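Just so you know, the sequences run in chain order A and B. Heads up: the first sequence begins at 1 in full-length UniProt numbering, then just goes up one per residue. Heads up: the second sequence begins at 1 in full-length UniProt numbering, then just goes up one per residue. Using N, Cα and C, we set each Cβ at its ideal position, and we do this for glycine too. Just so you know, these numbers come straight off a predicted model, no measurement behind them. Worksheet for the structure shown next.
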Amino acid sequence: MPSMKKKIMVNSIVGGLFVILVLWAIISIPNKSQKNTNSEQSITKTDQWSRIKKEKLITIGLDDTFVPMGFRDKSGNLVGFDVDLATAVFKSLGIKVKWQPIDWSMKETELNTGNIDAIWNGYTITSDRKKQVAFSKPYHKATQVLVTLKKNNINKFSDMKDKVLGDQTASSGDQTFEQYPKVLKQYVKNQKVIGYDTFDKAFNDLNAGRIDGLLIDEDYARYYVAHQSNPSDYTVTVGDFPVNDNAVGFRKTDKQLRRAVNKQLAIFQKDGRLDKYSAKWFGN
Amino acid sequence: MSYLITIIPSLMSGLKTTLGVFFLTIIGSVPLGILVSLGMKSPYFTIRWLINGYIWIMRGTPLLLQLIFIYYGLGMMGITFPRFESAIIAFIINYAAYLAEIFRGGLQSVPRGQYDAAKVLGFSKIQTFFKIVLPQVIKIVVPSFGNEVINLVKDTSLVYVIGLGDILRAGNIAASRDVTLTPYLLVGVMYLIMTAIVTLLLRRSETVLNTWR
Chain A
1 MPSMKKKIMV NSIVGGLFVI LVLWAIISIP NKSQKNTNSE QSITKTDQWS
51 RIKKEKLITI GLDDTFVPMG FRDKSGNLVG FDVDLATAVF KSLGIKVKWQ
101 PIDWSMKETE LNTGNIDAIW NGYTITSDRK KQVAFSKPYH KATQVLVTLK
151 KNNINKFSDM KDKVLGDQTA SSGDQTFEQY PKVLKQYVKN QKVIGYDTFD
201 KAFNDLNAGR IDGLLIDEDY ARYYVAHQSN PSDYTVTVGD FPVNDNAVGF
251 RKTDKQLRRA VNKQLAIFQK DGRLDKYSAK WFGN
Chain B
1 MSYLITIIPS LMSGLKTTLG VFFLTIIGSV PLGILVSLGM KSPYFTIRWL
51 INGYIWIMRG TPLLLQLIFI YYGLGMMGIT FPRFESAIIA FIINYAAYLA
101 EIFRGGLQSV PRGQYDAAKV LGFSKIQTFF KIVLPQVIKI VVPSFGNEVI
151 NLVKDTSLVY VIGLGDILRA GNIAASRDVT LTPYLLVGVM YLIMTAIVTL
201 LLRRSETVLN TWR
C-alpha cells in the first residue's frame, strides 16, 4: 500500500490532469469549429470546386442497395441509372468518381461533415432536405406509388382504410407520407407506417401478409414487381402524391460544382443521353 | 445452388471487412482490457473513478451510438478518422470495457494468500503478476471471454452505419438486387461457421490450460 502522502499526490495529479483535459476540450472544441469557418482547409465551409478539379476526383455517396439507381452486380461492381449518369457527367468534366457506400439515414451528415462531396442516388427534392442541402436541377421524375397484392383488391388509396402500410425509413416516400396526410395517412391503420431499412424486407412482409400496402418510389416498384416470381400478383396504384424530382445533392457552399453539373445535365438532356440511360434502367 | 455460387464472391469481399474488424478488435481490446482491470484495483481513487466512468459510458450506451459518435460526432468537431479506423477504435474501446469486467472477476478470484506467499518467497510485484496471478486469471476467464468473442463476431455487422461493407451488407445488396432472401441464409451459415471455429478454438485452449490443474 502506498503511503498517505503518495496517495494524495497521485490523486491530485491525476485529478488535476483530468480537469485540465475537460477544460481544454470545452474551450478548444467550439473554438476549433469557429476557426474552421475562416480556415481555407475546411471542406464544409468553403467552395471545394478547385480541390475537386485539381485532384480530378469527386466522392459521391450512395446506398449500394438502391436498385435500379445504384447497386452492385454479382461480381460486386457498382451499376445502375445514377451510376451511369454520374460517371458520364463527371467524365465530360474530366473528373473521376469515387463511389462511397453510406448508410442512407446518414446521408446529409456524411455530406456536411465532408466525407462525401455529393449525394447522387435517386435523391428526391423535399423542403426539409433543402434546408440542409443544395440541389441540382432535377434530372428524373417519379412519384410515390402504392404496391399491393392483387388478391386484396386495393385499387385506390382510400382502400387502405385501417390497413397496415410499410415504407423505407427516412426515404422521400416517408417524408411525403407525413407531409400530405390527406392523401394516404388519414386512411392507414393508427395513422402509422411501418419503417423498413431496405425495400426487399418490406416486399417480403407484403408477400407474407404482415403489411397490406407498400409506399414506394415508382421506379423501384417497377423493378421489384418485375423481379418477383409472379409479377401479375401485384397492383401498383398511382395516387395523388405530387411528382418527386430526383436531383443531385451538394453542400450549399459548393456553388461552382453545382453549376458545372447543372450545365452537363442540360447537355445530356438535350442530346438524348439521359433518355438512353433511362430506357436502359427503367425500360420506358 | 448455382445462384448461391454466383453471390459467394461478393460475400467474400464483405467477409474481409468482418474478419478485419474482428481480429483487430481482439488484438487491441485484450491488452487494453487487462490494463483497465488493473486500474480498477488501483489504490488511487481518481484512477478508479475515471475508469469506472469510462466503463459506465461504454457499457451504458449502445455500440451503434458509439460508432456514430466516433465517426460523425468527432468528425463535426474537427477530429476525423477514416471509416475503418473509426470502427476499430469504437470496437476496441467498447470491448475493452466488457473484457475489463471479466478480467476483474478473474483477478478477484485469486486468493489473497497467494500474493502473501509470493511476497514471502521474494517475488517482485511484476513477477507476482505475470508468473503467479495472470496464468490463473487466464484459466478462469476463458469461458466468459469466449462469450464476448462470439458476441464480437456478430457485433461486427454494426459497421454498416458508417458505410463499411461487411458480410451482412453484402447479403443485403444481393437480396435487394435479386429480390430474394436466400443471400441472408448464406450469410447466416457463414456466421455459424465463424462462431463454430471460435468455439472450437476456445474449447481447445480450455483443455490445454486444464493440464495445470
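Per-residue contacts from residue i into chain A (C-beta, under 8 Å)
i        : result
Pro7(B)  : The residue asked about is misnamed: residue 7(B) is Ile in this sequence, not Pro. By Cβ distance, chain A contributes Lys74.
Leu50(B) : Val14 and Phe18
Ser13(B) : Gly76
Ser10(B) : Arg72, Lys74, Ser75 and Gly76
Sequence-distant residues of the same chain with beta carbon closer than 6 Å to residue i, five excluded per side
i         : result
Gly171(B) : Pro183, Tyr184 and Val187
Ile20(A)  : none
Gln100(A) : Thr59, Gly61 and Ile116
Lys74(A)  : none
Ile7(B)   : Ala174 and Pro183
Same chain, Cβ closer than 7 Å to residue i, five either side skipped, listed in chain order
i         : result
Arg169(B) : Gly14 and Tyr160
Val14(A)  : none
Phe199(A) : Gln168, Ile216, Tyr220 and Tyr224
Ser42(B)  : Arg48
Ile197(B) : none
Lys130(A) : none
Beta-carbon separation (whole angstroms), residue i vs residue j, contact threshold 8 Å
i         : j         : result
Ala90(B)  : Leu32(B)  : Not quite, the Cβ-Cβ distance comes to about 13 Å (not below 8 Å), so this is no contact.
Lys185(A) : Phe177(A) : 6 Å
Asp82(A)  : Trp120(A) : 5 Å
Ile162(B) : Leu99(B)  : Contact doesn't hold; Cβ gap of about 23 Å is too wide.
Ile8(A)   : Ile58(A)  : Incorrect: roughly 58 Å between the Cβ atoms, too far for contact.
Leu181(B) : Ala175(B) : 6 Å
Ile52(A)  : Leu257(A) : 6 Å
Gly113(B) : Val137(B) : Wrong, their Cβ atoms sit about 16 Å apart, outside the cutoff.
Val183(A) : Phe241(A) : 6 Å
Residues that residue i contacts on chain B, provided the C-beta gap is smaller than 7 Å
i         : result
Pro2(A)   : Pro43
Tyr224(A) : Val179
Thr109(A) : Tyr72
Distance CB(residue i)-CB(residue j) smaller than 7 Å
i              : j         : result
Thr17(B)       : Leu164(B) : yes
Leu265(A)      : Lys137(A) : yes
Phe203(A)      : Tyr220(A) : no
Glu110(A)      : Ile116(A) : yes
Ser172(A)      : Asn244(A) : yes
Asn246(A)      : Thr46(B)  : no
Gly114(A)      : Thr65(A)  : no
Val236(A)      : Val147(A) : yes
Ala134(A)      : Glu218(A) : no
Arg177(B)      : Val193(A) : no
Ala86(A)       : Val97(A)  : yes
Lys131(B)      : Leu209(B) : no
residue 253(B) : Ser37(B)  : In the structure as shown, chain B begins at 1 and stops at 213. Residue 253(B) is therefore absent and cannot be evaluated.
Val110(B)      : Val133(B) : yes
Ile57(B)       : Met40(B)  : no
Gly166(A)      : Leu214(A) : yes
Where residue i meets chain B, residues with beta-carbon distance less than 8 Å
i         : result
Asp103(A) : Tyr160, Val161, Ile162 and Gly163
Gln100(A) : Gly163
Lys270(A) : Going along chain B, no residue has its Cβ under 8 Å from Lys270(A), so there is no contact; the nearest lies around 32 Å.
Phe203(A) : Val179
Residues near residue i by beta carbon distance below 8 Å, same chain, minus five either side
i         : result
Leu152(B) : Phe22, Thr25, Ile26, Phe91 and Tyr95
Thr169(A) : Ser105, Gly195, Tyr196 and Asp197
Gln191(A) : Pro181 and Lys185
Met190(B) : Leu11, Leu15 and Ile167
Leu64(B)  : Leu158 and Val161
Asp84(A)  : Tyr277, Lys280 and Trp281
Beta-ladder partner(s) of residue i, from DSSP
i         : result
Tyr234(A) : Leu149(A)
His140(A) : Asn246(A)
Pro101(A) : Leu62(A)
Ile27(B)  : Answer by DSSP bridge pairing: none, since Ile27(B) is not bridged.
Ala134(A) : Phe250(A)
Ala196(B) : Note: Ala196(B) sits in no beta bridge, so no partner.
Asp217(A) : Gln144(A)
Ala118(A) : Ile60(A) and Phe250(A)
Leu165(A) : Val193(A) and Gly213(A)
Under 9 Å by beta carbon: chain B residues contacting residue i
i              : result
residue 291(A) : For residue 291(A) there is no data in the structure shown, the boundaries of chain A being 1 and 284.
Asn11(A)       : Tyr44, Phe45, Thr46 and Ile47
Lys7(A)        : Pro43, Tyr44 and Phe45
Thr113(A)      : Tyr71, Tyr72, Gly75, Met76 and Thr80
His227(A)      : Arg177, Asp178, Val179 and Thr180
Beta-carbon neighbours of residue i, restricted to chain D and to distances below 7 Å
i        : result
Met69(A) : The chain labelled as chain D is not found among the protein chains of the depicted structure, namely A and B.
Chain A contact residues for residue i, given Cβ-Cβ distances below 7 Å
i         : result
Asn172(B) : Thr65 and Thr198
Ala175(B) : Asp200
Under 9 Å by beta carbon: chain A residues contacting residue i
i         : result
Gly113(B) : Neighbours of Gly113(B) on chain A: none; closest Cβ ~17 Å, over 9 Å.
Any non-hydrogen atom of the ligand FAD closer than 6 Å to residue i Cβ
i         : result
Gln175(A) : Absent from the structure shown: the ligand FAD. Ligands present: none.
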